[in-house]
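Structure, as structure tokens:
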Amino acid sequence: RCEAQGIARNLERFETAFMVCFWSTALHRIHKVSKTIQSGTVDVLLVRDLYGSLEEYFVSERNNFSYFEELGMKITKTETYDSYEKDTSRQTKRKVWPDETRSEEVNLTGRDDLRINTFLPILDSFICEFKRRKVAYSDFVDKFYFLTQLCDSKTDINITEEELRNKATKLHQIYQNDLDSDFIGECIHFQ
Numbered sequence: 001r002c003e004a005q006g007i008a009r010n011l012e013r014f015e016t017a018f019m020v021c022f023w024s025t026a027l028h029r030i031h032k033v034s035k036t037i038q039s040g041t042v043d044v045l046l047v048r049d050l051y052g053s054l055e056e057y058f059v060s061e062r063n064n065f066s067y068f069e070e071l072g073m074k075i076t077k078t079e080t081y082d083s084y085e086k087d088t089s090r091q092t093k094r095k096v097w098p099d100e101t102r103s104e105e106v107n108l109t110g111r112d113d114l115r116i117n118t119f120l121p122i123l124d125s126f127i128c129e130f131k132r133r134k135v136a137y138s139d140f141v142d143k144f145y146f147l148t149q150l151c152d153s154k155t156d157i158n159i160t161e162e163e164l165r166n167k168a169t170k171l172h173q174i175y176q177n178d179l180d181s182d183f184i185g186e187c188i189h190f191q
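Heads up: the sequence shown begins at 1 in UniProt numbering, then just goes up one per residue.
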């Protein structure tokens, strides 16, 4: 019974409602992109652009703390910003050692604590991860995408022989041990 009351108390906290709103929005967006990426007809350019759009989305979400705060207030039916647990609970004070002073401590409000120590680090992790994936796909596109333009009659993009020769030479230099010496000629032939 005490355990159930503790769980119920945690679920009624404003911070929990805030995180539910934030995570449901973030995971919904990531799920949509993930489904698109996993479809069988997706192009690597689209994947790169989708990761870029997720990165931009989470950069823009850094400024939406108040929006999620308002959603959390609607769920918990609170009307003021002083419903953070840190603001309502007793403040613990750390023991000060002889070579320390109390002025070194930073006391954050519950709102700032949630924003600085939880909300922004989560967003920064998302931003870094999607940027890393976008860069990886950009690198892949830079190296290999020209190969899809060789025999693709569906696209109106025509690659010139000079561009093709430059890109094939660049790819051959990167993968000298894996590609035959006539790779460049084969690319021009398949054009």
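Backbone N, C-alpha and C fix where the C-beta goes; we use that ideal spot for every residue, glycine too.
Asked, Found
"Three-state secondary structure (DSSP) of Y67", "helix"
"Supposed close pair R29, Y57 - CB separation, criterion 8 angstroms", "6 angstroms"
"For I159 and S24, the rounded distance between their alpha carbons", "44 angstroms"
"Counted within 10 angstroms of its Cβ, other Cβ atoms place Y175 as buried (16 or more) or exposed", "exposed"
"Contact set for P121: own chain, Cβ-Cβ below 6 angstroms, skip 5 residues either direction", "none"
"Buried/exposed call for A136, threshold 16 Cβ in 10 Å", "exposed"
"Per-residue DSSP class, three states only, for G185", "helix"
"Rounded straight-line distance, which links the Cα of E15 to that of Y67", "14 angstroms"
"Coarse secondary structure for E100, derived from DSSP in three states", "coil"
"Rounded C-alpha distance that separates E162 from A17", "58 angstroms"
"Per-residue DSSP class, three states only, for K77", "coil"
"Same chain, Cβ closer than 8 angstroms to L45, neighbours up to 5 away in sequence not counted", "V141 and Y145"
"Extent of the continuous alpha helix (DSSP H) to which T169 belongs", "E161 to I174"
"Terminal residues of the alpha helix (DSSP H) in which L50 lies", "V44 to E61"
"Three-state secondary structure assigned by DSSP to residue 208", "Within the shown structure, residues of the chain are numbered from 1 to 191, placing residue 208 beyond reach of any answer."
"DSSP-derived helix/strand/coil call for S125", "helix"
"Bounding residues of the alpha helix (DSSP H) (the contiguous stretch that carries Q38)", "F14 to Q38"
"Three-state secondary structure assigned by DSSP to D142", "helix"
"Alpha carbon of S138 to alpha carbon of R48, nearest angstrom", "6 angstroms"
"Alpha carbon of C128 to alpha carbon of F119, nearest angstrom", "15 angstroms"
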